[in-house]
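I have placed the structure first, in the form of structure tokens, so that the comments after it can refer back to it.
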Amino acid sequence: EGSTFEWSDGSEPEYKPWESGHLDSTGSCVFMDTKGFWKRASCDSVSEGAICYASQNKTTSPNQQENKSNLCPQKNGRSWIRFREHCYAFDMGLYNWSVFTMDETKSVCHQLDPSATTLSIKDSEENDFITRQIQEEHGITGRIWLGIVQDSKDNSLQWSDGSNLTYANWINKNLPVPTHDKCAIISSKNGTWILTSCSKSHSRLVCKAPMRSSRRVAAIVITVIFILLLIGGIVWFLYKKNKWRWANPFGRVHYERSYNEPSDSDSTVMISELKEFHD
Numbered sequence: 011e012g013s014t015f016e017w018s019d020g021s022e023p024e025y026k027p028w029e030s031g032h033l034d035s036t037g038s039c040v041f042m043d044t045k046g047f048w049k050r051a052s053c054d055s056v057s058e059g060a061i062c063y064a065s066q067n068k069t070t071s072p073n074q075q076e077n078k079s080n081l082c083p084q085k086n087g088r089s090w091i092r093f094r095e096h097c098y099a100f101d102m103g104l105y106n107w108s109v110f111t112m113d114e115t116k117s118v119c120h121q122l123d124p125s126a127t128t129l130s131i132k133d134s135e136e137n138d139f140i141t142r143q144i145q146e147e148h149g150i151t152g153r154i155w156l157g158i159v160q161d162s163k164d165n166s167l168q169w170s171d172g173s174n175l176t177y178a179n180w181i182n183k184n185l186p187v188p189t190h191d192k193c194a195i196i197s198s199k200n201g202t203w204i205l206t207s208c209s210k211s212h213s214r215l216v217c218k219a220p221m222r223s224s225r226r227v228a229a230i231v232i233t234v235i236f237i238l239l240l241i242g243g244i245v246w247f248l249y250k251k252n253k254w255r256w257a258n259p260f261g262r263v264h265y266e267r268s269y270n271e272p273s274d275s276d277s278t279v280m281i282s283e284l285k286e287f288h289d
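Taking the working numbering, the leading residue of the sequence shown gets 11, the next gets one more, and so forth.
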């Protein structure tokens, strides 16, 4: 049983004190008591404290560096790896070096990118690519969740997007008989698929997202440029419209003759008309 455990950074434990007689407890996680004994416990149980550890192994394989693409999602400076028309998040730093239940994988992938889903594998080439990458990622030494779910009607297995399993790499070479609460994982050691409990098992996660279209990226760039030009045009128009007002803060002065204040010529006309009336 000790061989099924791994450290939170993905490395295998070389020192396994539970092998020497401390197997009375059960659970998928391990804690150390005040006497120095290691004991198993439920991963949902609450402990009095923890000691944090930062992994110093942050190297990236040359193969991963070559497959990075600007058309893949990026978050916190960590890149996804491109393979054909999809992108994959193998960097365990994206997941805070954590393990998850199958129910948690959907929300975790969605937080990384709205288009991301739990890992799916559609053919042998993709399976070989996945196996090679997870073997090169030092944070993965155990198993990775596959986005395989059971159909609610006949309990048959299918991908979480609703598509059928046209390819599989089960450890026994045959499609296992599905039972209640069964999900699938891929082993990082040899790339084989294994059924496991959906609710009780904790595994590492690799999210998968469709690669962004280059046309879509170009359209976004053009749209941004158009908006900037539009804003610049509006600013220029307002500047030209108000340029004279800024140069002459008091505005223009207009003079109009009032009809209530007759001019000299108007007075002359009125006097002439009165003389003619009296004569």
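Just so it is clear, CB atoms sit at the ideal spot from N, CA and C, and this is done for glycine as well.
- Closest residue to residue 91 among 165, 177, 146 (Cα-Cα distance): Mapped onto the sequence shown, residue 91 falls at position 81. Measuring from the Cα of residue 91, the nearest candidate turns out to be 146.
- So, is residue 218 buried or exposed, given that buried needs 16 or more other C-beta atoms within 10 angstroms? The residue given as residue 218 occupies position 208 in the sequence shown. Buried, by the Cβ-count rule.
- Message: Taking the alpha carbon of residue 160 as the reference point, which residue from 107, 207, 140 has its own alpha carbon closest?
- Response: Along the sequence shown, one-based indexing puts residue 160 at 150. Considering only alpha carbons, the answer is 207.
- Query: Roughly how many whole angstroms lie between the Cα atoms of residue 184 and residue 195?
  - Reply: As a position in the sequence shown, residue 184 is number 174, starting the count at 1. As a position in the sequence shown, residue 195 is number 185, starting the count at 1. One C-alpha to the other measures close to 15 Å.
- Starting from residue 42, follow the beta strand (DSSP E) in both directions and report where the run begins and ends. The residue labelled residue 42 in the question sits at position 32 within the sequence shown. That run of the beta strand (DSSP E) goes 39 to 42.
- Nearest CA to the CA of residue 203: which residue from 40, 209, 153, 214? Here residue 203 corresponds to residue number 193 of the sequence shown, with the count starting at 1. The candidate whose alpha carbon is nearest that of residue 203 is 153.
- Below 7 Å CB to CB, which residues in the same chain sit around residue 104 once its five sequence neighbours on both sides are set aside? Here the question's residue 104 lines up with position 94 in the sequence shown. These residues qualify, in order along the chain: 85, 88, 122.
- Query: Do residue 100 and residue 136 have their C-beta atoms within less than 8 Å of each other?
  - Reply: Residue 100 sits at position 90 when you count from the first residue of the sequence shown. Residue 136 sits at position 126 when you count from the first residue of the sequence shown. The answer is no: Cβ separation not under 8 Å.
- Determine the burial state of residue 297: buried for a count of at least 16 other Cβ atoms within 10 Å of its Cβ, exposed for fewer. This structure leaves residue 297 out entirely; the chain is present only between 11 and 289.
- Message: Please report the distance separating the alpha-carbon of residue 238 from that of residue 57.
- Response: Here residue 238 refers to the residue found at position 228 of the sequence shown. Here residue 57 refers to the residue found at position 47 of the sequence shown. Distance between the alpha carbons of residue 238 and residue 57: 54 Å.
- Query: Got a sec? Which residues, its chain only, sit under 8 Å from residue 126 by beta carbon, not counting five neighbours each side?
  - Reply: As a working note, residue 126 is residue 116 in the sequence shown. So the list reads 83, 99, 119, 120, 217, 218, 219, once near-sequence residues are dropped.
- Which ranges does the alpha helix (DSSP H) cover as unbroken runs of at least 4 residues, wholly within the stretch 84 to 131, from first to last along the chain? 112 to 122
- Message: Which same chain residues end up closer than 6 Å to residue 54 when comparing Cβ atoms and leaving out the 5 residues on each side of it in sequence?
- Response: Indexing the sequence shown from 1 puts residue 54 at position 44. None.
- Task: Specify, as a first and last residue, the run of the beta strand (DSSP E) that residue 207 falls within.
- Result: Sequence index remark: in the sequence shown, residue 207 carries index 197 (1-based). 203 to 207 is the span of the beta strand (DSSP E), which, as asked, contains residue 207.
- Going by Cα to Cα distance, which pick from 16, 150, 132 is closest to residue 178? On the sequence shown, position 168 is the one that residue 178 refers to. Ranking the options by Cα distance to residue 178, first place goes to 132.
- Task: Could you name the residues of the same chain whose beta carbon sits closer than 7 Å to that of residue 157, not counting the 5 residues immediately before and after it, in chain order?
- Result: Indexing the sequence shown from 1 puts residue 157 at position 147. Within the same chain, residue 157 has close Cβ partners 127, 128, 129, 130, 169, 170.
- Can the beta-carbon of residue 37 be found closer than 8 Å to that of residue 50? Reading the sequence shown from its first residue, position 27 is the one you call residue 37. Reading the sequence shown from its first residue, position 40 is the one you call residue 50. Yes, these two residues count as a Cβ contact at 8 Å.
- Query: Using the rule of at least 16 other Cβ atoms within 10 Å of the residue's Cβ for burial, across every protein chain shown, is residue 233 buried or exposed?
  - Reply: Position 223 of the sequence shown, counted from the first residue, corresponds to residue 233. With fewer than 16 other Cβ atoms within 10 Å, it is exposed.
- Query: Which term fits residue 110, buried or exposed, when burial requires 16 or more other beta carbons within 10 angstroms of its beta carbon?
  - Reply: Position 100 of the sequence shown, counted from the start, is the residue given in the question as residue 110. Flag for residue 110 reads buried.
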